[in-house]
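Remarks on the structure that follows.
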Amino acid sequence: MKRRTAIRSVIPVGIVTIAGCTGSLDTMESSGRSDLSEHDEQGLQKYEEAYNLSEDALAEYNTGRQLFFENLPEGESNLEDYPFDWQTLSDTMESASEYFGEAADLFEESRQLSESPEFNEPCVRAVDWTQAHLDALSMFGDLGGPSRDWFTQRHNEAKRADSPLPPAQLLDRILGRPTESYTPLDEGTPMETPSSAETETSEETPTSDLQIVSRGFSVDDSSDEPAPYVAATIVNRGDGQSGPAELVVRWYDDDGNFLYEGGGQAELVSLAVEETWEARVYASKEQASIGDAEIEIDAEGYPIPSDENVEVQNSELQTNGTTVTITGELANTSGQELLSASAYSKIYDGDGVVLAGGHDQETDIPAEETWQFEIQWDARDRIDRVSEHVAVGYGNT
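When we follow the numbering used here, the leftmost residue of the sequence shown carries the number 14, and every step to the right adds one.
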């Protein structure tokens, strides 16, 4: 799933110690710099680089935001036609997206290179801040961009995210020195205020709240080669259905050193209110050296909209060994060609617990035609629990 977002929760499964490469740094003049270890010097260098890039990203973002609202006709919610300076707007937002993305990578690299635990919270917070802005920018690649209300809501969510800690204050934390309150990176950027009617609607809109209620690190010894995995039980404690969700894992060796991120991420199209998802993510490489893991829910706050453009027909679930296969047809009922279409599945056990999800996608489906989709999942030692499934579709004209 490519839609990313606002509900992020990082939870260590076991003990996590991050170490990395050595290096030197002399770009920031600050007393006590010589007291840093080589690992922390290099981590701080990456953090400074990411922070400076974040400033550039925010400047581009604010310039584009101003252009967007200047181009909206008075009283209108959407840019229905190309505005005079649409290319400028599009280029500005694309540049902002690239900067935010690069900054997020550098903040994460800073966390991996350093050895002081003081890097963890500021780096995770900084990545969340960049992601919140990337969410606000996610629809600017489309003709006309997002609606006024959609962008306003995402912008306000980004404003509520804590901006990155200045490098000088991070240095003070590492050295154990007292720190003062700091000026947020995005201070002075006014929040767009929805109308009273929009505010009332927003307050009444049901929202999801995905919570990890249990988690654990284990090794599957049922095959010839042991397979480390992370198991997490996730429940939607909100009052509305969630959007697409993914469980992302960072893997560590027996000494707590970071190895890599990813490997068989578990994904789900949505989780209903009070619905439970027993997710698993298996390691995909360096299995012999893996000794621990850290998990994160990466979830879209808004469900994929119900769509009249497609209809799922004749879906069925079959098993072969430990492999679960869901097949079916997705009919294009829109009356015009679909530029893209997706089929999503959820697999349940006999008690209604979600075991897994998956998706398949296709492009260029002619009007009134059907597309044969297929989704597979390796249930491994949970094959006997597989009971039923649901399949839903979405089409983009």
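Cβ coordinates follow ideal geometry from the N, Cα and C atoms, glycine included. As the structure is a prediction and not an experimental result, all values here were calculated from the model.
Taking the C-alpha atoms as reference points, what is the distance between Asn-409 and Asn-322? Roughly 8 Å between the two C-alpha positions.
Select from Leu-66, Leu-272 and Thr-338 the residue whose C-alpha is nearest the C-alpha of Ser-297. That would be Leu-272, whose Cα lies nearest to the Cα of Ser-297.
Determine the extent of the beta strand (DSSP E) in which Asn-333 is found, giving its start and end residues. The continuous beta strand (DSSP E) containing Asn-333 extends over residues 323-333.
If you run the structure through DSSP and keep just helix, strand and coil, what is Asp-148? Asp-148 carries a helical assignment under DSSP once its states are collapsed to helix, strand and coil.
Can you give me the C-alpha to C-alpha distance between Ala-245 and Gln-326, rounded to a whole angstrom? Cα-Cα distance, rounded: 32 Å.
Pair every Cβ in the region 332-341 with every Cβ in the region 274-288, then say whether three or more of these pairs are closer than 8 Å. Contact between the region 332-341 and the region 274-288 is absent: fewer than 3 CB-CB pairs across the two stretches fall below 8 Å.
How many Å lie between Pro-177 and Glu-387 at the Cα? Distance between the alpha carbons of Pro-177 and Glu-387: 43 Å.
By the 10 Å Cβ neighbour count, where 16 or more other Cβ atoms means buried, how is Leu-352 classified, buried or exposed? With fewer than 16 other Cβ atoms within 10 Å, it is exposed.
On the DSSP letters alone, give me the boundaries of the beta strand (DSSP E) that Asn-169 sits inside. No beta strand (DSSP E) holds Asn-169; the alpha helix (DSSP H) holding it covers 161-173.
Is it true that the CB of Ala-139 sits closer than 9 Å to the CB of Tyr-265? In this structure, Tyr-265 keeps its C-beta atom at 9 Å or more from the C-beta atom of Ala-139.
Helix, strand or coil: how does DSSP classify Arg-186 here? Correct three-state label for Arg-186: helix.
Residues near Leu-66 by beta carbon distance below 8 Å, same chain, minus five either side: Taken in chain order, the residues that qualify are Tyr-112, Glu-115, Ala-116 and Leu-119.
Among Pro-179, Ala-72 and Leu-183, which residue has its Cα nearest to the Cα of Leu-49? Considering only Pro-179, Ala-72 and Leu-183, the residue with the shortest C-alpha distance to Leu-49 is Leu-183.
Around the Cβ of Arg-250, are there at least 16 other Cβ atoms within 10 angstroms (buried) or fewer (exposed)? Exposed: under 16 other Cβ atoms inside 10 Å.
Which of helix, strand or coil does DSSP assign to Gly-56? Shown here, Gly-56 sits in a helix according to DSSP, grouped into three states.
Residue environment, Val-226, which counts as buried when at least 16 other CB atoms sit within 10 Å: Taking every protein chain shown into account, the CB of Val-226 has fewer than 16 other CB atoms within 10 angstroms, so this residue is exposed.
Whole angstroms are fine: how far does the CA of Pro-239 sit from the CA of Val-232? Between the alpha carbons of Val-232 and Pro-239 lies a gap of roughly 6 Å.
Exposed or buried, Ser-358, counting other C-beta atoms within 10 Å across all chains shown (16 or more means buried)? That one is buried.
Out of Phe-230, Gly-253, Leu-368 and Gly-406, which one is the CA nearest neighbour of Asp-222? Residue Gly-253 is the option with its Cα nearest to Asp-222.
Would you mind stating whether Ala-312 and Ser-347 have Cβ atoms separated by less than 9 Å? Remark: C-beta atoms of Ala-312 and Ser-347 do not approach each other more closely than 9 Å.
Looking at the structure shown, is Ile-317 part of a helix, part of a strand, or coil, going by DSSP? Collapsing the DSSP output to three states places Ile-317 in coil.
In or out: Phe-153 buried (at least 16 other Cβ within 10 Å) or exposed? So Phe-153 ends up on the buried side.
In the DSSP assignment, find the beta strand (DSSP E) that holds Glu-307 and state where it starts and stops. Segment 303-312, the beta strand (DSSP E) holding Glu-307.
Could you give the C-beta distance for Tyr-407 and Ala-344, rounded to a whole number, given that I count them as a contact under 8 Å? Beta-carbon to beta-carbon, Tyr-407 and Ala-344 are separated by about 13 Å, too far to satisfy the 8 Å threshold.
Top-ranked residue by Cα proximity to Gly-77, from Glu-62, Asp-69 and Thr-101: The residue among Glu-62, Asp-69 and Thr-101 with its C-alpha nearest the C-alpha of Gly-77 is Thr-101.
Considering only their Cβ atoms, is the gap separating Arg-173 from Ala-149 smaller than 9 Å? With respect to Arg-173, Ala-149 sits apart: the two C-beta atoms are not nearer than 9 Å.
Considering only C-alpha positions, which residue in the set Met-106, Glu-54, Asp-364 and Thr-340 is nearest to Glu-128? By alpha-carbon distance to Glu-128, the top candidate from Met-106, Glu-54, Asp-364 and Thr-340 is Glu-54.
C-alpha distance - Asp-185 paired with Glu-73, whole-angstrom precision: Roughly 30 Å between the two C-alpha positions.
Starting from Leu-198, follow the beta strand (DSSP E) in both directions and report where the run begins and ends. It is not in any beta strand (DSSP E) - Leu-198 carries neither H nor E in the DSSP assignment.
Taking the alpha-carbon positions, what's the His-52 to Glu-401 distance? His-52 and Glu-401 have their C-alpha atoms roughly 50 Å apart.
Quick check: what's the CA-CA separation for Asp-394 versus Ser-108? Cα to Cα, the separation comes out at about 46 Å.
Take Thr-105 and list the residues in its own chain whose beta-carbon comes closer than 6 Å to its own, dropping the five residues that flank it on each side. Taking Thr-105 as the centre and dropping the five residues before and after it, the same chain places the C-beta of Glu-73, Thr-76 and Gly-77 closer than 6 Å to its C-beta, in chain order.
Shortest alpha-carbon distance to Asp-397 belongs to which of Gly-371, Glu-288, Ile-360 and Ala-404? Considering only alpha carbons, the answer is Ile-360.
Cβ-based burial, Gly-201 [other Cβ within 10 Å; buried from 16]: Residue placement at Gly-201 cannot be trusted, given a pLDDT of 46 that sits under 50; what the coordinates show is reported in the next sentence. Residue burial annotation: Gly-201 is exposed, with fewer than 16 other C-beta atoms found within 10 angstroms of its C-beta.
Please classify Thr-336 as buried or exposed, where buried requires at least 16 other C-beta atoms within 10 Å of its C-beta. With fewer than 16 other Cβ atoms within 10 Å, it is exposed.
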